[in-house]
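Numbering (the numbering used here), first residue to last: 83 to 304.
One structure is given here, and the rest of the page talks about it.
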Amino acid sequence: MPDERIHQSLADAAHMREEHVHEARIHEDRIHEDRIHEDRIHEDIERVLVPSAAIAARVRSLAMTLGEDYGHADGRLTVVPVMTGSLLFAADLVRALPQRRLRIQLTTVSSYGGTETASRGSSIVGALPKHLAGHHVLIVDDILDSGGTLRLLRSEFEARGAADVRACVLLRKRIPSALSTPCEYVGFDIDDDFVVGYGLDYDDLYRNLPYVGTLRRDARTA
Ligand code: 5GP
Ligand code: MG
Numbered sequence: 083m084p085d086e087r088i089h090q091s092l093a094d095a096a097h098m099r100e101e102h103v104h105e106a107r108i109h110e111d112r113i114h115e116d117r118i119h120e121d122r123i124h125e126d127i128e129r130v131l132v133p134s135a136a137i138a139a140r141v142r143s144l145a146m147t148l149g150e151d152y153g154h155a156d157g158r159l160t161v162v163p164v165m166t167g168s169l170l171f172a173a174d175l176v177r178a179l180p181q182r183r184l185r186i187q188l189t190t191v192s193s194y195g196g197t198e199t200a201s202r203g204s205s206i207v208g209a210l211p212k213h214l215a216g217h218h219v220l221i222v223d224d225i226l227d228s229g230g231t232l233r234l235l236r237s238e239f240e241a242r243g244a245a246d247v248r249a250c251v252l253l254r255k256r257i258p259s260a261l262s263t264p265c266e267y268v269g270f271d272i273d274d275d276f277v278v279g280y281g282l283d284y285d286d287l288y289r290n291l292p293y294v295g296t297l298r299r300d301a302r303t304a
């Protein structure tokens, strides 16, 4: 190798090392930031079940798995986030996916119930995602509870000619109805508590919390 090229590759290697150090520092800062955030847990939260650092790490690993499983689907992947609960999860997940050409089509499912919706029947609100024929559809939802939402969406998308339909949820409750509902990708299995944060709400509040936690009883007004 001529001297110039050796110098150039040494310079490149040094640059890459610097970038790594920089990335590692960003990572440390992020963990530090998380600690700061979660030292100040909102007073309405009883217990943090999934800290933000754990969510971020799981989102990265899910995205890696999805990246491999959908390696063949470039340009033919449609991600369908279920609003509004999966807003934060879906936003983080699609940014971490290696697939660069995918479509995002939102859908909203209303579950009948009060402020603490455990759905006893679901229906799709508004227009269904379009042009699904031949597409690999990935439903992204916040939490798997009764399974009504996933069952409904899966059958609708299959009927619309999707090449295949899979589901990815951040959380799944350790209850028979959830565990027996087909779901290809699960972030965390949690106990059967009512949870809020990272997209999940109580009366439309707390969606913005960066972690998932249980709500204090006295914060529930309904
Ligand atoms: P499924 O159709 O599986 O019963 O219901 C899933 C939907 O119910 C979720 O997308 C979410 O909107 C709501 N849900 C179920 N469990 C909880 C929970 O513990 N906390 C919150 N905030 N929403 C929940
Ligand atoms: Mg939902």
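Glycine included, each C-beta is placed from N, C-alpha and C at the ideal position.
Please read all numbers here as calculations on a predicted model, not as lab measurements.
- Taken through DSSP and simplified to helix, strand or coil, I123 comes out as coil.
- Inter-residue distance for C265 and L253 is about 11 Å (C-alpha atoms, whole angstroms).
- Annotated as distal: D151 and Q181, with beta-carbon spacing of 8 Å or more.
- Annotation for F239: L214, V219, V247 place their beta carbon closer than 7 Å to its own, counting only its chain and skipping 5 residues before and after.
- For P163, the uninterrupted beta strand (DSSP E) run begins and ends at 159-165, by DSSP.
- Taking a cut-off of 8 Å for Cβ pairs, the region 219-231 and the region 260-279 touch, as three or more such pairs fall below it.
- For F270, the enclosing beta strand (DSSP E) has its first and last residue at 267-272.
- Distance from the C-beta of V278 to the nearest heavy atom of the ligand 5GP is below 7 Å.
- By the 16-neighbour rule on beta-carbons within 10 angstroms, P211 is buried.
- For I257, the distance from the CB to the nearest heavy atom of the ligand 5GP is not below 7 Å.
- Between the ligand 5GP and I225, a heavy atom-to-CB distance of less than 7 Å is present.
- If one requires a minimum length of 4 residues, the alpha helix (DSSP H) runs lying completely within the region 131-186 are 134-151, 169-178, in chain order.
- Within the same chain, D126, I127, E128, F276, V277, V278, Y284, Y288 come within 8 Å of L297 by CB-CB distance, once the 5 residues on both sides are set aside.
- Annotation for G230 indicates a beta carbon within 7 Å of some heavy atom of the ligand 5GP.
- In the DSSP assignment, G295 forms a beta bridge with V130, V278.
- Shortest gap from the CB of L282 to any heavy atom of the ligand 5GP: under 7 Å.
- In terms of Cβ geometry, L169 and I206 do not form a close pair [threshold 8 Å].
- Taking the C-beta atoms as reference points, Y280 is found no nearer than 8 Å to V130.
- A straight line joining the alpha-carbon of A173 with that of R299 spans about 30 Å.
- Checking the DSSP bridge columns, you'll see I225 partnered with L253.
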